[in-house]
């Protein structure tokens, strides 16, 4: 094999680069089917939504929770899976829509808890990257996120694919047209083309011992996913906090040697985060912002996102520079982003 | 003032020591009122439960979520507060019980979101340490956790008080007698009397740069609360993971310089955690266990909990050695547990 083929991070880099094409594919080929499924589910009139997932997909599920509460106006919760799989809880799930999100659709606990939910009366929907998976099999409905095979251990393209599929689902459930997503493929390509900016930013974290990542509202799932990506590739402990929770205790941990990354949504989430940013600046924190140019200018450094994107789909762009950051910091530390130690692609938890 | 009165951690130490008396007070004086409120709420036949809280109280709320799903068999979720307070979401909350947990009952976002929930048709219940608080005022029902004034910034006695009050509430909702809690005051006194053991354990973490804390099932809220307590007092980044999520990525972060604390419930949660413990031992992790003696013996070190306690109330004991650990590590590092930098007791997030 040539050096190029065996270079560390080759697979992750290729999969990150595919994201504009994957988003395009979902909008062109996936959207009609998602709309159809949404119409069928809406006809069943679910009153509550429960979301079940692990790892990266759990962060996609959290994004869907915000969409469901804000855009759809339905109460939603993330399931504590062990209540079913370890304790055998059998809640009555009449009128409940259970959405299970999983790249592989293969983890036994997700299959078992979805099967139990269906038996308990729930409408079940699997959102996966594998239509032939056991999870798709046991679910009443299935949405394929069409990301193509994902081989790098850190999930990237399946995360943004899950976000977009879930956005289109919620739009379908409320009779929206999903128009806010139309420009995302082109905008994503524009963001990914600026990898050199992220590489410069990565120097900052090469020797970091810890990181705090914060956001609010729609940006909070991005903070969690960025932390997970950084932890599993760089091994730096990266702790995500909603801005509000950060003020309720962990702020004590932030000082001038604990760098902070803030994802500042352009909209109400960003406004709600503002007092937290002020407190962090007041403590002399090294604050790097992913957000609009003006927010970046007011911070120590950052990555400016394109303006004018509706807040509810910003997470699909926000994560891109953070995926690149995880990649670049890992390379800078002499590790291989494709193969974090100790991990397997399909994690079989029970 | 004498040295004794101004010693670092004096207030936190005193409040931790009060816990057996607080638990006794809740069982003796609080339980009848909690039972009455539970009966009134049960008569309203809620179908879905949402829990709202921040910081330490959010970990108590997560414990209640497990109780509600497992013992009561109702679907439950933790609210993403910003959907209401920042985005103005107005979900239909008919048939929903909204439980808001807060030590002070004073944070404006909790008050606003509880008020909004009541207007949206929810049955609202505040669980606080302050019956005269704005939160108690706006809620239809109120449970006083009877912990007495809490002055140290790290919450300790209000956490265990919230846990016990929530356990008795769920027992009341399902017509149980709460008998599993009867021995807790005496058992808690026995655990707290073993502070010297924890002090010895604290030496291990004096120079730690990071900590991973894991558990499953009923023990998972304990892992989260232990991480929060350690972060806000010692400033060591302590990252909590459900055992299952740890295998889905962050395991890469664990090596022989990242100590792991595992809370191993005596029961199904502990059984579900076993494969995770095996993987951690296989990676040569420094594993400290809070759990039964046999589990401690199989680890690098640990703190043995009394046997024979029903799993659903074990969290009320599990957290005690971890509170003491946060205290002792903070003292060992020359800091004052009573006054973490940057924190205020009543955090006003909006």
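Protein chains in written order, with our numbering: chain Y, 39 to 388; chain Z, 39 to 388. Think of the CB as a built atom: it goes at the ideal place given N, C-alpha and C, for glycine as much as any other residue.
Asked	Found
Limits of the alpha helix (DSSP H) - the one that residue 301/Y falls within	Residue 301/Y -> not in any alpha helix (DSSP H); beta strand (DSSP E) instead, spanning 298-301.
Under 7 Å by beta carbon: chain Z residues contacting residue 108/Y	121, 125 and 127
Residue closest to residue 331/Z, alpha-carbon to alpha-carbon, out of 143/Z, 343/Z and 167/Z	343/Z
Unbroken alpha helix (DSSP H) run spanning residue 272/Y, endpoints	258-272
Best match in 303/Z, 301/Z and 290/Z for proximity to residue 375/Y [C-alpha to C-alpha]	290/Z
Neighbour list for residue 83/Y in chain Z, Cβ cutoff strictly below 8 Å	Simply none; closest approach about 11 Å.
Separation of residue 54/Y from residue 44/Y, as counted between CA atoms	17 Å
Cross-chain neighbours of residue 104/Y in chain Z, by beta carbon under 7 Å	118 and 121
Rounded C-alpha distance that separates residue 212/Z from residue 80/Z	8 Å
Simplified DSSP assignment, three categories, for residue 374/Z	coil
Alpha-carbon spacing of residue 228/Z relative to residue 208/Z, whole angstroms	26 Å
Option in 363/Z, 348/Z and 61/Z with minimal Cα separation from residue 234/Z	363/Z
Under the three-state DSSP convention, the category residue 322/Z falls into	coil
Chain Y residues whose Cβ lies nearer than 8 Å to that of residue 288/Z	266, 269 and 270
Proximity to residue 341/Y [Cα-Cα], best of 305/Y, 301/Y and 348/Y	301/Y
Interface positions of the region 62-95 of chain Y facing chain Z (Cβ-Cβ less than 8 Å), listed along the chain	85, 86, 88, 92, 93 and 94
Proximity to residue 251/Z [Cα-Cα], best of 197/Z, 314/Z, 222/Z and 244/Z	314/Z
Terminal residues of the beta strand (DSSP E) in which residue 138/Y lies	134-140
Supposed close pair residue 109/Z, residue 350/Z - CB separation, criterion 8 Å	7 Å
Every unbroken beta strand (DSSP E) within the region 169-248 of chain Y, with a cutoff of 3 residues, ordered by chain	179-182
Beta bridge counterpart(s) of residue 165/Z as assigned by DSSP	139/Z and 181/Z
Exposure label - residue 200/Y; buried when at least 16 CB within 10 Å	buried
DSSP-derived helix/strand/coil call for residue 120/Y	helix
For residue 87/Z, the first and last residue of its enclosing beta strand (DSSP E)	86-90
Neighbour flag for residue 173/Z against chain Y, beta carbons, 8 Å	no
For residue 189/Y and residue 262/Z, the rounded distance between their alpha carbons	32 Å
Top-ranked residue by Cα proximity to residue 73/Y, from 182/Y, 230/Y and 140/Y	182/Y
Residue 253/Y - DSSP class collapsed to helix/strand/coil	strand
Status (buried if at least 16 other CB within 10 Å, exposed otherwise) for residue 66/Y	exposed
Residues near residue 278/Z by beta carbon distance below 6 Å, same chain, minus five either side	251, 261, 262 and 265
Selection from 46/Z, 320/Z and 216/Z that minimises the alpha carbon distance to residue 298/Z	320/Z
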